[in-house]
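Heads up: the sequence lines are chains R and E, in that order. Position 75 of the first sequence, counted from 1, bears residue number 75 in our numbering, the numbering being contiguous throughout. For any residue, its number in our numbering is found by taking its place in the second sequence, counting from 1, and adding 1000. For glycine and all other residues, C-beta sits at the position ideal for the given N, C-alpha and C. These numbers come from a predicted model, not from an experiment. In what follows, a structure is listed as structure tokens, so that the remarks can point back to it.
Protein chains: 2
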Amino acid sequence: MPIEIPRPSDLPAILDVTRSTGVFSQEEVETVQELFEGFLDGPEVSGYNFLSYRDGEAIGGFACWGPTALSKGAVDLYWIATSAKAQGKGVGAALFRAVVEAARAAGRWLIVIWTSSRPEYQAARSFYQRMGCQLTVRLPDFYDYGEDLCVFTLRIDQLQA
Amino acid sequence: MPIEIPRPSDLPAILDVTRSTGVFSQEEVETVQELFEGFLDGPEVSGYNFLSYRDGEAIGGFACWGPTALSKGAVDLYWIATSAKAQGKGVGAALFRAVVEAARAAGRWLIVIWTSSRPEYQAARSFYQRMGCQLTVRLPDFYDYGEDLCVFTLRIDQLQA
């Protein structure tokens, strides 16, 4: 499954993928745009890296990750999204593996994912667990009353390459 | 113990306090300066709020805190520092209580402190535990091999006011 670094012209397609999931708010779509613009300015400055799955002419999914501030070993996995059309084909897993490889190539050893306990993220939480991540902490009422912080982590220096 | 919002002219004194602790690197002193400049630009924009303890003409300690991104309930307590001269007088505890009250006044219910397992922060970790904070997560090798992330939290909506 071909995972590559997206081109500047892929921004509209990446926003379309984000919208097509049906999970993200307009504010979150705008956040993806800001992260992509940071990526275009240079990942070494912004800290935002993108990977995408190209399905013919379309973008079927993308991931955004970057080194964690103040840490020598951690990377934050900010987003993984697969378009409605491309779901169920293992695109998310291929993107996840590509992030792990990119983090490893950057000399990092820990993947960290901050997410929410909201019901619409249940599929995402299950996905991270299938990818081998552990729910390291669940902090009640962190985002709002009834909406907990869930932090998943994966040690990639203890995996077989 | 008088805790107040510092004045713009207090920047050099706040940097002196930071240096006098002997715990922080030059890079960390520069970070305090950036946070203070963000505070002067406006806490509602930068998210950085300062409180200080004034000891006559001198600044004996300060705290920096702000609302946690994407959260309705949490605040990050970024720094508490007491000058070498003012240590052992309860300045840190007074600053901590003032941060709790400011967070409560802002409608927030959770104090979150990210810190490191480095030996020179042992006094800080003990301090947070004396203040009632719990070590919610310890994530091995987060900052570097052998340097763990320690996250302390305190629910302030479950305390007596």
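According to the neighbour-count rule (16 or more other Cβ atoms, all chains shown, within 10 Å of its Cβ), is residue i buried or exposed?
| i | result |
| --- | --- |
| R/Ser71 | buried |
| R/Tyr145 | exposed |
| R/Pro6 | buried |
| R/Asp157 | exposed |
| R/Ser83 | buried |
| E/Leu1130 | In the sequence under discussion, the amino acid at residue 1130 of chain E is Arg, which differs from the Leu named in the question. Exposed is the call here. |
| E/Ser1052 | buried |
| E/Gly1022 | exposed |
| R/Val32 | buried |
| E/Val1045 | exposed |
| E/Gly1088 | exposed |
| E/Ala1063 | buried |
Would you mind giving the Cβ-Cβ distance between residue i and residue j, rounded to the nearest angstrom? I have them listed as a contact below 8 Å.
| i | j | result |
| --- | --- | --- |
| R/Met1 | R/Ala94 | 4 Å |
| E/Ile1059 | E/Ile1014 | 6 Å |
Does the separation of the CB atoms of residue i and residue j fall below 8 Å?
| i | j | result |
| --- | --- | --- |
| R/Pro67 | R/Gly42 | no |
| E/Val1099 | E/Asp1076 | no |
| R/Leu149 | R/Ser116 | yes |
| R/Thr136 | E/Leu1139 | yes |
| E/Glu1147 | E/Arg1118 | yes |
| E/Asp1055 | R/Gly73 | no |
| R/Gly107 | R/Ala86 | no |
| R/Phe127 | R/Gly92 | yes |
| R/Leu110 | R/Tyr78 | no |
| E/Phe1024 | E/Phe1039 | no |
Any idea which residues DSSP pairs residue i with across the strands?
| i | result |
| --- | --- |
| E/Asp1076 | E/Gly1066 and E/Val1112 |
| E/Leu1149 | E/Ser1116 and E/Leu1139 |
| R/Glu4 | R/Ser52 |
| R/Ile59 | R/Arg54 |
| E/Ala1081 | E/Phe1062 |
Taking the alpha helix (DSSP H) that residue i belongs to, which residues open and close that run?
| i | result |
| --- | --- |
| E/Val1091 | Val1091 to Ala1105 |
| E/Ser1020 | Leu1011 to Ser1020 |
| R/Val41 | Note that residue 41 of chain R corresponds to Asp in the displayed sequence, not to Val. First-last of the alpha helix (DSSP H) with R/Asp41: Gln26 to Asp41. |
| R/Ser126 | Gln122 to Arg130 |
So the beta strand (DSSP E) residue i belongs to, where does it begin and stop?
| i | result |
| --- | --- |
| E/Gln1134 | Gln1134 to Asp1144 |
| R/Ser52 | Asn49 to Asp55 |
Closer than 7 Å to a non-hydrogen atom of the ligand GTP - does that hold for the CB of residue i?
| i | result |
| --- | --- |
| E/Ser1009 | With respect to the ligand GTP, the structure shown offers nothing to examine, as it has no ligands at all. |
Compare the C-beta of residue i against all C-beta atoms of chain A and say whether one is closer than 8 Å.
| i | result |
| --- | --- |
| R/Tyr121 | Among the chains of the structure shown, chain A does not appear; the protein chains present are R and E. |
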